[in-house]
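Student: Starting off with a structure, shown below.
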DNA sequence: CTAGGTGCAAAAGGTTTGCGGTTAA
DNA sequence: TTAACCGCAAACCTTTTGCACCTAG
């Protein structure tokens with residue numbers, strides 16, 4: 003089971019001006035154990051298993067803090083709830099129009115994107131590439 | 003003022019199995035007149051100016067139909083309301099972390115992205131690239 | 001003629017806020 | 001010591017739904 007060192011997480015939080023708390027550690031641990039892309043509500047339910055008193059407001063607070071210190075990505079794919087992803091490697095998300103599943107797709111082909119030249123003055127801090135279409139399973143079924 | 007030919011819109015709708023209605027024409031016309039990226043609520047308010055009885059439910063219905071026939075993009079940038087964009091040219095969205103404004107950025111540098119190779123079986127129908135950071139104005143102010 | 005679309009109003013879903021108490025630094 | 005964080009519950013904002021009526025094809 004993955005779990006970031008407490009000291010390391012503490013440092014990352016402190017660097018962005020956040021305090022270290024047991025809730026933030028736990029929410030991050032929950033995320034690190036996921037392959038899917040859970041919503042805040044799903045993180046909340048999993049977090050409660052080991053920390054029954056945690057509240058949904060705190061989960062949002064923790065997720066926001068983790069996003070702001072660059073440990074977690076917020077993924078907005080449709081009009082529904084936002085999803086959270088602890089994979090900070092450069093990758094993109096593929097969302098199937100049929101079944102709604104979200105796939106993390108790692109690739110080396112992002113070089114082209116890395117070299118996108120922005121008009122003067124824009125300062126890039128983050129990019130998110132999301133694709134839609136049919137996943138292999140749904141594509142073969144239809 | 004931009005306005006798609008009724009016949010042409012009718013055809014696009016019919017091709018995807020939708021009926022032509024005055025509301026769909028009007029919602030599309032409203033979108034074509036925007037440079038910003040209005041939310042459904044904003045589209046609703048602008049649409050009411052010339053069609054006072056249109057309802058918010060109908061606006062959602064029209065937007066969904068237009069998205070499904072490939073005339074409009076739905077843009078999900080954060081946890082707030084979805085935004086709608088009638089620019090179907092290949093471009094990306096830059097959202098400023100400071101002021102929240104959304105910029106359409108056209109570029110020829112998307113070639114790299116066009117050539118992204120998906121793992122076997124995935125069928126791509128749409129891609130969306132969203133960038134975050136600071137816009138020129140906020141970058142120079144901070 | 002009738003399946004699909006509309007307007008309305010209520011419900012559902014997702015996120016934020018205010019407050020009194022707690023805690024990391 | 002104290003600003004930041006917590007849990008709780010209510011409020012808020014966005015989107016969906018159900019229903020009776022209407023209309024494009």
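Protein chains in written order, with this note's numbering: chain E, 3 to 144; chain U, 3 to 144.
Note that CB positions come from ideal geometry on N, CA and C, so glycine has one too.
#1: Chain E partners of residue 80 of chain U, CB-CB under 8 Å?
#2: Are the Cβ atoms of residue 134 of chain E and residue 108 of chain E separated by less than 9 Å?
#3: For residue 11 of chain E, I'd like the list of residues in its chain whose CB is within less than 8 Å of its CB, leaving aside the five on either flank, ordered along the chain.
#4: DSSP three-state call for residue 66 of chain U: helix, strand or coil?
#5: Using a Cβ-Cβ cutoff of 7 Å, what residues of the segment 15–48 of chain U are near chain E? List them in chain order.
#6: For a cutoff of 9 Å on Cβ pairs, would you count residue 127 of chain U as touching chain E?
#7: Beta carbon of residue 94 of chain U, beta carbon of residue 124 of chain E: below 9 Å?
#8: Can you tell me whether residue 144 of chain E is buried or exposed? The criterion is at least 16 other CB atoms within 10 Å of its CB, across all chains shown.
#9: Does any residue of chain U bring its CB to less than 9 Å from the CB of residue 138 of chain E?
#10: For chain E, is any of its Cβ atoms less than 9 Å away from the one on residue 141 of chain U?
#11: If I measure Cβ to Cβ from residue 69 of chain U and keep anything under 6 Å in the same chain, skipping five residues before and after, which residues do I get?
#12: Please confirm if residue 13 of chain U has its CB atom under 9 Å from at least one CB of chain E.
#13: Restricting to Cα atoms, I'd like to know which of U:121, U:6, U:128, U:84 is closest to residue 148 of chain U.
Tutor: Quick answer:
#1: 76, 78, 84
#2: no
#3: 22, 26, 27, 30, 73
#4: helix
#5: none
#6: yes
#7: no
#8: exposed
#9: yes
#10: yes
#11: 76
#12: no
#13: Lying outside 3 to 144, the shown extent of chain U, residue 148 of chain U is not represented and no answer is given.
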